[in-house]
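Q:
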Amino acid sequence: MHVGAVHAPDPEMALILAKEQFARRGRCVSLWVVPAEAIYASRAEEAEELFASALEKEYREPRGFRVAERVRRWMERHGQSLPEAE
Amino acid sequence: MLTYRIHGHTVPVPEQAPPPQEGPEYEARLAEFEARIARGEKIEPTDWMPEEYRRQLIRMISQHAHSEIVGMLPEGKWIPHAPTLRRKLILIAKVQDEGGHGQLLYRAAETLGITREEMVEALLAGKAKYSVVFNYPTPTWADVAAIGLLIDGAAVVNQLMLAQGSYGPYARAMKRICYEESFHIKQGYDAFVALATGTPAQRQMIQEAVNRWWYPALMLFGPPDRDSVHTPTLLRWRIKTKTNDELRQEFVDQYAPMVLRLGLTIPDPNLRYDPETGHWRFSEPDWDEFWRVIKGDGPCNAERMAARRRAHEEGRWVREALAAKAVQRINGGGDGRYAVAGL
């Protein structure tokens, strides 16, 4: 997870400075530093278009399924009730 | 100013002929920009923004960064003199955090096209401002406790609001800072209560510190709304989401009871709870003093700036040694920036 950036003359110093700056509270298990110009990122103005399709795919999410409702209707039709209710 | 690169893209630099800040195309872009803000969207470094928005943010964020760095001095002085080893460790951690916060904020300001060198130079030349509160002295250990409660408390009230701001990098930096500030207040309150519930001499010491730091805490929120020239613009573009006076009231409502319930007094004869409004009524600080201190005529302004200049000069050999040590550079030359990812 990207946490920020540091200025450094080389990767070794970058790692040391990154540890001082971002791992002060000791929850870190791994730290990466990479020259900023080596990163290619999606552009802000493309984001909507690039990521939009994901929002319509409800089947990727647990909430995209309405199973409890089907069970309830079946139980009503067949006169079944929950054991606790008897 | 340099052409500034973010993640492989080039951000146009303001000083190199910014687009005209008027005309139909500007108006159209401005309307879209303000609509995005009204929808609660964050503005990112590569988004279009009015030059005034960029300028206000550079001013605000760099001054905030300077405040964190200068703020290390009044408390840093007490590290060698802390009353116990535990207090010393806590204070070292706090002051280290403040340095880190300054770094985070300089980083956020850089995304708007200003360099670290320019910001530091402006501070050392006395051109840039920093929070007025750090121009006051810390004559006793109790001042450290009072600062930890009242000044960090005021800072958090301000910063929680700023974390809701429209500029992405600043809002995100504020969230990170607020998380660490919660430790600062807790340790401050702990030290404060230790003195307030201690011997008569300790109680007197913390009472005198409260007398010194109450009004500076109120000043932290800046000039009253009626005198704040920047506030309307900052509110319009959600750089701020509450006014100075609103925040000042929030602070008094939260912190006055905390001091009073320990049987201490606050140096304000007009301070009282108003059951009709649910708020505490209080006296404003001396605004003449505020403007004098901000303009450089406070008790410690000269000392703070001298300390910063000395640190900058005495640290020169470190900067030069690091540059000489550079063992590896990306082909084509980088600007020495490394993105950090951690888990």
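Chains as they are written, first to last, in the numbering used here: chain A, 2 to 87; chain B, 737 to 1079. Glycine is no exception: its CB is placed at the ideal position from the N, C-alpha and C atoms.
1. Report the neighbours of residue 81 of chain A on chain B: residues whose CB is nearer than 8 Å to its CB, in chain order.
2. Is the beta carbon of residue 970 of chain B less than 7 Å from the beta carbon of residue 869 of chain B?
3. Quick one: what's got a C-beta closer than 7 Å to residue 974 of chain B's C-beta in the same chain, skipping five residues either side?
4. Taking 6 Å as the cut-off, is the C-beta of residue 1052 of chain B nearer than that to any heavy atom in the ligand ZN?
5. Assign residue 771 of chain B to buried or exposed, taking buried as 16 or more other Cβ atoms, counted over all protein chains shown, within 10 Å of its Cβ.
6. If contact is defined by three or more beta carbon pairs under 8 Å, each pair taking one atom from either stretch, is the region 1034-1050 of chain B in contact with the region 804-813 of chain B?
7. Distance, Cα to Cα, residue 750 of chain B vs residue 1013 of chain B?
8. Between residue 1076 of chain B and residue 23 of chain A, is the Cβ-Cβ spacing less than 7 Å?
9. What is the C-beta distance between residue 923 of chain B and residue 931 of chain B, in whole angstroms, given that I count them as a contact (C-beta under 8 Å)?
10. Secondary structure at residue 1008 of chain B, three-state DSSP: helix, strand or coil?
11. Give me the residue from B/841, B/890 and B/883 with the minimum Cα distance to residue 6 of chain A.
12. Using 8 Å as the Cβ pair cut-off and three pairs as the minimum, do the region 851-864 of chain B and the region 940-947 of chain B touch?
13. So is residue 965 of chain B buried or exposed if we call it buried at 16+ other beta carbons inside 10 Å?
14. What are the boundary residues of the alpha helix (DSSP H) that residue 842 of chain B is part of?
15. Look up residue 1054 of chain B in the DSSP assignment and say whether it is helix, strand or coil.
16. Using a Cβ-Cβ cut-off of 8 Å (strictly less than) and excluding sequence neighbours within five positions of residue 963 of chain B, which residues of its own chain qualify?
17. Suppose only complete runs of 3+ residues qualify. What are the beta strand (DSSP E) ranges in the region 983-1027 of chain B, listed by chain order?
18. Hey, is the region 871-884 of chain B in contact with the region 1018-1037 of chain B, meaning 3+ C-beta pairs nearer than 8 Å?
19. Spell out a yes or no on whether the region 57-65 of chain A and the region 856-869 of chain B are touching, meaning 3 or more CB-CB pairs, one atom from each, closer than 8 Å.
20. Please look up how many angstroms separate the CB atoms of residue 950 of chain B and residue 879 of chain B, rounded, as I've assumed it's under 8 Å.
21. Do you know offhand how far residue 952 of chain B's Cα is from residue 1021 of chain B's?
22. Check the C-beta distance from residue 917 of chain B over to residue 891 of chain B and give it rounded, since I have them as a contact under 8 Å.
23. When the distance is taken between beta carbons, is residue 981 of chain B closer than 7 Å to residue 1110 of chain B?
24. At a CB distance below 7 Å, what residues from the region 36-70 of chain A approach chain B? Give them in sequence order.
25. Spell out whether any CB of chain A is found under 7 Å from the CB atom of residue 825 of chain B.
26. Are residue 837 of chain B and residue 913 of chain B close, meaning C-beta to C-beta below 7 Å?
27. Would you mind listing the alpha helix (DSSP H) stretches within the region 917-962 of chain B that are 4+ residues and don't spill past its ends, in chain order?
28. With which residues is residue 84 of chain A paired in a DSSP beta bridge?
29. Using alpha carbons as the reference points, say which of B/991, B/960 and B/996 lies closest to residue 979 of chain B.
30. Taking C-beta pairs closer than 9 Å, name the residues in chain A that residue 832 of chain B reaches, listed in chain order.
31. Entirely within the region 844-887 of chain B and at least 4 residues each: give me those alpha helix (DSSP H) ranges in chain order.
32. Check the Cβ of residue 860 of chain B against every Cβ in chain A and list those closer than 9 Å, keeping chain order.
33. Answer yes or no: does any C-beta atom of chain A fall closer than 7 Å to that of residue 1072 of chain B?
34. Can you list, in chain order, the residues of the region 764-790 of chain B whose Cβ is nearer than 7 Å to any Cβ on chain A?
35. Mind checking which residues open and close the alpha helix (DSSP H) that includes residue 762 of chain B?
36. So, helix, strand or coil for residue 6 of chain A, using DSSP?
A: By the coordinates alone:
1. Neighbours of residue 81 of chain A on chain B: none; closest Cβ ~47 Å, over 8 Å.
2. no
3. 773, 901 and 902
4. Within the structure as shown, the ligand ZN is missing, as the structure has no ligands at all.
5. exposed
6. yes
7. Caution applies to residue 750 of chain B, whose pLDDT of 49 falls short of 50 and renders its modelled position unreliable; the value that the coordinates give is listed next. Cα to Cα, residue 750 of chain B sits roughly 47 Å from residue 1013 of chain B.
8. yes
9. With 8 Å as the limit, residue 923 of chain B and residue 931 of chain B do not qualify as a contact, their Cβ atoms being about 13 Å apart.
10. In this structure, residue 1008 of chain B counts as strand in the three-state DSSP scheme.
11. B/841
12. The way I'd put it, the region 851-864 of chain B doesn't touch the region 940-947 of chain B; fewer than three beta-carbon pairs between them come closer than 8 Å.
13. exposed
14. 821-846
15. helix
16. Excluding sequence neighbours, residue 963 of chain B sits near 1023.
17. As for any beta strand (DSSP E) of minimum length 3 sitting wholly inside the region 983-1027 of chain B, the runs are 1008-1010 and 1015-1017, ordered along the chain.
18. Three or more beta-carbon pairs separated by less than 8 Å link the region 871-884 of chain B to the region 1018-1037 of chain B, which places the two stretches in contact.
19. no
20. The pair is not a contact, with the Cβ atoms about 12 Å apart (cut-off 8 Å).
21. 8 Å
22. So it is a contact: roughly 6 Å between Cβ atoms.
23. Given that chain B is displayed from residue 737 to residue 1079, the structure contains no residue 1110 of chain B and the question cannot be resolved.
24. 36, 37, 38, 39, 40, 41, 42, 44 and 45
25. no
26. In this structure, residue 913 of chain B lies closer than 7 Å to residue 837 of chain B by Cβ.
27. 936-955
28. Residue 84 of chain A pairs with nothing; no bridge assigned.
29. B/960
30. 21 and 25
31. 852-860 and 877-882
32. In chain order: nothing, as chain A lies at least about 18 Å away.
33. yes
34. 780, 782 and 783
35. 760-774
36. strand
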